[in-house]
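**Q**
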Amino acid sequence: MLYLGDVDAFRAIETSDELLTIHAGVTHTDAWAALEKHYPQLQSYAQRFASPPVRNSGTFVGNVANGSPIGDAMPLLLALDARVVLQCGDDQRVLALDAFYLAYRKTALASGEFVRAVQIPLLRRWHVAAYKLSKRFDQDISACALGVALRLDAQGKIEVARLGVGGMAGIPSRAPNTEALLNGRTWNAETVANAAQALLTEFTPLSDMRASAHYRAQALANLLVRDFHLARGETLDLAQTRQLAPLGAQS
Ligand SMILES: Cc1cc2nc3c(=O)[nH]c(=O)nc-3n(C[C@H](O)[C@H](O)[C@H](O)COP(=O)(O)OP(=O)(O)OC[C@H]3O[C@@H](n4cnc5c(N)ncnc54)[C@H](O)[C@@H]3O)c2cc1C
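So the sequence shown is residues 879 to 1129, counted in my numbering.
1. Give a yes or no on whether the C-beta atoms belonging to Val939 and Val996 are separated by under 7 Å.
2. Sorted by chain position, which residues of the same chain lie with C-beta nearer than 7 Å to Glu914's C-beta, five sequence neighbours on each side aside?
3. State the beta-bridge partners of Arg1029 as determined by DSSP.
4. Tell me whether Phe927, by its Cβ, gets closer than 6 Å to a heavy atom of ligand 1.
5. Comparing the CB of Gly949 with every heavy atom of ligand 1, is any distance shorter than 6 Å?
6. Regarding Phe992 and ligand 1, is the C-beta to nearest heavy atom distance less than 6 Å?
7. What's the gap between the Cα of Phe1015 and the Cα of Glu896?
8. Look at the Cβ atom of Asp1105, then the Cβ atom of Val1026, and state whether they are nearer than 7 Å.
9. Looking only at its chain, what residues have a beta carbon closer than 7 Å to the beta carbon of Val885, apart from the 5 residues adjacent to it on each side?
10. If you reduce the DSSP assignment to three classes, tell me which class Leu1011 lands in.
11. Is Leu1059 helix, strand or coil by DSSP?
12. Checking 7 Å against the spacing of the C-beta atoms, do Ala887 and Ile900 come in under that value?
13. Grouping DSSP H, G and I as helix and E and B as strand, with all else coil, what is Leu1084?
14. Out of Phe978, Leu1041, Leu1078 and Ala1047, which one is the CA nearest neighbour of Leu1060?
15. Since I believe Asn941 is in contact with Ala905 (beta carbons under 8 Å), could you give me their beta-carbon distance rounded to a whole number of angstroms?
16. CB of Thr907 to nearest heavy atom of ligand 1: below 6 Å?
17. Of all the options Ile948, Gly1111, Asp1018 and Arg983, which has the alpha carbon lying nearest to the alpha carbon of Val932?
18. Does the Cβ of Tyr979 have 16 or more other Cβ atoms within 10 Å, making it buried, or fewer, making it exposed?
19. Using 8 Å as the threshold, is the segment 1028-1037 in touch with the segment 962-970, meaning 3 or more CB pairs across them?
20. Helix, strand or coil for Leu964? Go by DSSP, reduced to three states.
21. Would you say Phe992 and Met1046 are within 7 Å of each other, going by their C-beta atoms?
22. Can you tell me whether Pro930 is buried or exposed, with buried defined as 16 or more other CB within 10 angstroms of its CB?
23. Give me the residue from Pro1083, Thr1069, Gly1048 and Pro1050 with the minimum Cα distance to Thr1056.
24. Assign Pro918 to one of two classes, buried (16 or more other C-beta atoms within 10 Å of its C-beta) or exposed (fewer than that).
As structure tokens, then:
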């Protein structure tokens, strides 16, 4: 067992033009504050993470390394196309976060390796957002979570779409089928409705005490619709989310 908390170098947060690098000993409090400097819209998502004692003692990288399918950092980090720096002795390798999670609680960490840092792209001029659904505002684990990163051209066409989801499978993951319905299309209500319809069935989540499988699927799809309307400064009428065909109507 290794305690990383007293290694000064591990408490570093580095910023370059394109990357925010958060090392293994950085607490959630400090990591989310650094993220919010670049992505101020993440403030309410960050506030929902655990509670002050956990945010001040737990590490951001520990959340990523732990690999829980309901960890809150990963939906956002997958959407941002983050990478993990894996270290063994003096050797380091960099892996896309998307390739890090192999199966429930199984990661690509080799024997002797630990996660030294997370590298987070600073996507200027992208639409970036993250949403968490849980029964309480904070101090609660997610029923599901959605991270969204969209690169748009001047005409509003989606050049690149990345979605990170939590709570929907055994690992935190991207939503490639839904992303395919966003890529190359104009970001409008019709595109988002089609993508949300795909998101509704892209995963087969579990039912547990946090949420039913049905709730998770429907709520995640609704988050994508909500994201579109919030980005346009619109408040969301519930009727707009009900336009999705209910899950029962799919089979
Ligand atoms: C009361 C409470 C509320 C919580 N609420 C939330 C929440 O709302 N959202 C959420 O996402 N999480 C939540 N968590 C989970 C928790 O905050 C994180 O998973 C945590 O940040 C990791 O904590 P840690 O740094 O102490 O890692 P540890 O608990 O020490 O480690 C967790 C696991 O990851 C491994 N690990 C840690 N760091 C590394 C590393 N650098 N390299 C390789 N392996 C590593 C450890 O070996 C261990 O297996 C909550 C936890 C508690 C206790």
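Where a beta carbon is used, it is the ideal one built from N, C-alpha and C, also for glycine.
**A** The answer reads as follows:
1. Contact: yes.
2. So the list reads Leu920, Gln921 and Ala924, once near-sequence residues are dropped.
3. Arg1029 is bridged to Val1038.
4. Phe927 Cβ: within cutoff of ligand 1.
5. For ligand 1, at least one heavy atom lies less than 6 Å from the Cβ of Gly949.
6. Judged by the Cβ position, Phe992 qualifies as a neighbour of ligand 1 at the 6 Å threshold, a heavy atom of the ligand being closer than this.
7. One C-alpha to the other measures close to 32 Å.
8. Yes, the pair counts as a contact, with Cβ atoms nearer than the cut-off.
9. The residues are Gly903.
10. Strand at Leu1011.
11. Shown here, Leu1059 sits in a helix according to DSSP, grouped into three states.
12. The Cβ atoms of Ala887 and Ile900 do not sit closer than 7 Å to each other.
13. In the three-state reduction of the DSSP assignment, Leu1084 falls in the coil class, being assigned neither a helical nor a strand state.
14. Looking at the Cα atoms, Leu1041 is the closest of the given residues.
15. Here residue 905 turns out to be Thr, not Ala, going by the sequence shown. Thr905 to Asn941, Cβ: 11 Å. No contact.
16. Checking the 6 Å criterion, the Cβ of Thr907 is out of range of every heavy atom belonging to ligand 1.
17. Of Ile948, Gly1111, Asp1018 and Arg983, the residue nearest in Cα terms is Asp1018.
18. Result: buried.
19. Not touching, per the Cβ criterion.
20. If DSSP states are grouped into helix, strand and coil, Leu964 belongs with the strands.
21. Taking the C-beta atoms as reference points, Met1046 is found no nearer than 7 Å to Phe992.
22. Counting other Cβ atoms within 10 Å of its Cβ, Pro930 stays below 16 and is therefore classed as exposed.
23. Nearest option by C-alpha distance: Thr1069.
24. Result: exposed.
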